[in-house]
Each structure stands twice: as C-alpha cells, then as structure tokens.
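Colleague:
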Amino acid sequence: MRPAPIYRDLFCQMYGVAAPAVVLGEMIHWWAIVREAGLGDQKLHRQTAYVPAGYFYATHVDAPDARTVREARERAADLATDWVLYPVVKAADDTGALRAAGFTPIPWFVGADYRVRDGVDEDLRGQLGKNRHGDLRRAARRAAERYDLELVSFPDITEEHLLLFDRLHRLNLRKYGHQHNHLSLPALRAMLRTPLGAGLHLYLRRPLEGGPPVQAGLNLVEDGGRTMSFVAQGIDHAVVPSSQNLYKAWFYEMFRRGADMGVDTFVLGRGAELNKLDMGANTFYLLENHLGPVGDRETGEVERLRQRLRAGFEEIGARLAANMAQRRAANAFELRW
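So the sequence shown is numbered by full-length UniProt numbering: it starts at 1 and just counts up by one.
(1) Run through the DSSP bridge pairs and tell me what residue 246 is partnered with.
(2) Using a threshold of 8 angstroms, state whether the C-beta atoms of residue 190 and residue 62 are closer than that.
(3) Which of the three DSSP states is assigned to residue 259 in this structure?
(4) Mind the definition here: the region 201 to 209 touches the region 131 to 149 only if three or more C-beta pairs lie below 8 angstroms; say whether that holds.
(5) Taking only beta-carbon positions, decide if residue 144 is within less than 8 angstroms of chain B.
(6) For residue 106, tell me which candidate among 305, 184 and 80 has the shortest Cα-Cα distance.
(7) Work out the CA separation of residue 217 and residue 237 for me, nearest whole Å.
(8) Per DSSP, which one or two residues make a beta bridge with residue 83?
(9) Can you look up residue 157 in the DSSP assignment and give me helix, strand or coil?
(10) Are the CB atoms of residue 369 and residue 241 nearer to each other than 8 angstroms?
(11) Are the beta-carbon atoms of residue 328 and residue 126 separated by less than 8 angstroms?
(12) What first and last residue would you give for the alpha helix (DSSP H) that runs through residue 44?
(13) Can you name the start and end residues of the beta strand (DSSP E) that residue 212 belongs to?
(14) Taking only the alpha-carbon atoms, compute the straight-line gap between residue 266 and residue 296 and give it to the nearest angstrom.
(15) What is the rounded straight-line gap between the Cα of residue 104 and the Cα of residue 84?
(16) Can you round the beta-carbon distance between residue 152 and residue 185 to whole angstroms, since I take them to be within the 8 angstroms contact cut?
(17) Taking the continuous beta strand (DSSP E) assigned at residue 324, which residues delimit it?
(18) What span of residues does the alpha helix (DSSP H) with residue 107 cover, start to end?
(19) So, residue 57 versus residue 20, is the Cβ gap smaller than 8 angstroms?
(20) Could you check what DSSP says for residue 230 in three-state terms: helix, strand or coil?
(21) Is the region 109 to 118 touching the region 276 to 286 in the sense that three or more CB pairs, one from each, lie closer than 8 angstroms?
(22) Can you tell me the Cα-Cα spacing of residue 326 and residue 293, whole angstroms?
(23) Quick check: the Cα distance between residue 330 and residue 324, rounded to an integer number of angstroms?
(24) Counting C-beta neighbours from all protein chains within 10 Å, is the total for residue 245 16 or more, i.e. buried, or is it exposed?
(25) Got a sec, what are the start and stop residues for the alpha helix (DSSP H) residue 280 sits in?
(26) What residue range is occupied by the uninterrupted beta strand (DSSP E) comprising residue 64?
(27) With a cut-off of 8 angstroms on the beta carbons, I'd call residue 59 and residue 270 a contact; round off their distance for me.
(28) Just the Cα atoms here: how many angstroms apart are residue 32 and residue 109?
(29) With distances taken from CA atoms, which of 131, 154 and 99 is nearest residue 278?
(30) Less than 8 angstroms between the CB atoms is what I'm expecting for residue 48 and residue 22, so what's the real figure, rounded?
(31) Enumerate in chain order the residues of its own chain whose CB-to-CB distance from residue 163 is below 7 angstroms, with the five nearest sequence positions on each side excluded.
(32) Within the same chain, show all residues whose beta-carbon is closer than 6 angstroms to that of residue 235, passing over the 5 residues directly before and after it, in chain order.
(33) Cα separation between residue 333 and residue 99?
(34) Can you give the Cα-Cα distance for residue 82 and residue 76, rounded to whole angstroms?
(35) Assuming residue 30 contacts residue 24 under a Cβ cut-off of 8 angstroms, what Cβ separation, rounded to an integer in Å, is found between them?
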C-alpha cells in the first residue's frame, strides 16, 4: 500500500485527534514492539510524536528529502510535539536527509514481497521445493472442495460486503489481542470514497451448501494493476475444521488469481517473515522508524531502543539468509537489509 491522503484522515480518526500527533505509547504499531522488547517503561513512550507520512497504513514510506524533513519539524513544533516520526522507511533507501537532521533509525519490521519471475507454480516449486509447493496446492484444492471463493471489487462492494468482512476481520484482531482496528467499518467506507477505492478487492469464502462466509480477505491493487497488497484477512476458526488450512489456500489462490490479472508483485505485509518465506515471499527488506527530536531533547532512550531492536533484527536477517541458502532456487531470493 502506497501513501495516500486518506491514511492521514484514518490515522487521526482512529486516535481521535485533529492532527497526526499522538503519544508514542498509544500508537498500536509502536507499543506492540516496545512492549515485546521489554522497554515499555521508558519515558519516551509517554511523549508525543508528529507523524508526517504513511501513518502505518502504507506498507512503507519513501525517504523524504531535506526540505520535507525541515517542514515536518516546523509543523511538529507548531503542534508542540516532542518528536517527528517517519514510520517504516526501507533501510536500503537513501536516508541521508534524515540522518543529517539528527533522526535515529530504529529497526521495526521486516516487509515481504513475492515478485513473479517465471510464473506462480514454477516460482513456488523452485523456491519452496516440491513438498511445500504441494502443500499450498493441496490446501487450495481442499478448500475448493468445501467452499466457494467470491471476488467483489469496486464499484460492486456494498455495505453488506463490508459488514461480512468486518465480522471476520474482528475475529482475527481478537485472536491476536489487538485493541485498535485500523480497518474499522468507518475506515473502509472512507477508503471506498477515495481514488484508493477503485483498487480494493474483497474476497469472501462461503460453504458450498450456503451460509455466511468463513473467511474474508481484503487486497489493494495499484501501479496500473501490477502490484497487489495483502491488506487483511480473517477466518472464523470456530466453524472451519482444523484439517482445513484456509490461510495457506488464500495465499496460493491470490497468487494465481493476481497473476492472471497481470499482477507481478505481491506485497505480503510486515512480520511473520519465516512463515511468509514458506508461503512464497522471495524479497525481504528491513523497515525502520526514523525518530527525530523537536528542539533540544535527550535521545539516550531512543538509542537504547535502537540497540535492543537491532540485535533482534540482525538475528532475523541471519535466519532468513540461512534458510534462503538451503532452497533449491537460492538465487530467486533477495534480502535488503
């Protein structure tokens, strides 16, 4: 998902603010990471940051130039915030303007893409090996024996479709203990009213014998139809047999359907890197949050946070590299750290 003006509005709506300036520890994508790192007691997380781009909705943010950074800091000062936060910037990008302005890069997520090379099945067979590739195909085949998969795209997405997706997506949020819903019904309705809405694709998986959907997925197609971002999905595990792996089936089916539509890059989102490697991801990149002080501010806690997280992401990168090297098509993978 590329940056879009609607993301600023959704961010402000979710946190109940007039401008994108929020206490760091209240941002769901910030707090989850610092809590897991055991640094949730830092004073830093009780301070306010101005977020000028991406707002954690975009899968990554392009590194800003010096003028943009300067304007962001001036706006942050007007809002009386403590920090400026540029979220999820690719570590491999040119971040010279941020460094020159005193921003600290903090490793935060790993993004994953599947870039089509020779065709979906040819790629997956080489990347995953015969057995893992067979598992994906089998999951999709077994799902088709029991369920129908419906695609609804703009302008045919109705309020009823949104309600069906919302129910299943909220089940997924509860499963992982997420308190904020960044794709709430009001957010989805707002997205549909913008140019972004033209690229939204909603998938609903229903039992063949009828009844409510048991799985829903939301994707966004951009770049003239060449890029498909996996935005969110949800499964009603209470009614799906444990022998059915609809999550695996969804990945494979999206790859096949997307490729038939002309998609050549699938953006699989952030986190769960090794799982995504086994689902077909072949490009991984480190994403950093860049945090810069507004005025004269102590940065010791920021540096401690950076050091703590850097060690963990170095380990993740090493595990990914080792795992890729063992695959038959090792040259198909790219690690951008």
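Ideal placement from N, C-alpha and C gives every residue a C-beta, glycine not left out.
Modeller: So, from the listed chains and residues:
(1) Note: residue 246 sits in no beta bridge, so no partner.
(2) no
(3) Looking at residue 259 - three-state DSSP - the assignment turns out to be helix.
(4) yes
(5) Here there is only one protein chain, and chain B is not present.
(6) 305
(7) Note on geometry: alpha-carbon atoms of residue 237 and residue 217 lie some 15 angstroms from one another.
(8) 49 and 293
(9) coil
(10) Absent from the model: residue 369. The displayed extent of the chain is 1 to 337, so no value can be given.
(11) For residue 328 and residue 126, yes; Cβs fall inside 8 angstroms.
(12) Where residue 44 is concerned, there is no enclosing alpha helix (DSSP H), given that its DSSP letter is neither H nor E.
(13) Per DSSP, residue 212 belongs to no beta strand (DSSP E) and is neither H nor E.
(14) 42 angstroms
(15) Approximately 11 angstroms, taken between the alpha carbons.
(16) With a Cβ gap of about 16 angstroms, residue 152 and residue 185 do not count as contacting.
(17) Where residue 324 is concerned, there is no enclosing beta strand (DSSP E), although the alpha helix (DSSP H) it sits in stretches over 300 to 325.
(18) Counting along the chain, residue 107 falls outside any alpha helix (DSSP H), though it belongs to the beta strand (DSSP E) covering 104 to 115.
(19) Cβ atoms of residue 57 and residue 20: not closer than 8 angstroms.
(20) strand
(21) yes
(22) 43 angstroms
(23) 6 angstroms
(24) buried
(25) Taken as a continuous stretch (DSSP letters only), residue 280 belongs to no alpha helix (DSSP H), as it is neither H nor E.
(26) Counting along the chain, no beta strand (DSSP E) covers residue 64, and no H or E run does either.
(27) 7 angstroms
(28) 11 angstroms
(29) 131
(30) 7 angstroms
(31) none
(32) By the criterion of a C-beta distance shorter than 6 angstroms, residue 235 is surrounded in its chain by 215 and 246, once the five residues flanking it on both sides are discounted.
(33) 29 angstroms
(34) Between the alpha carbons of residue 82 and residue 76 lies a distance of about 8 angstroms.
(35) 5 angstroms
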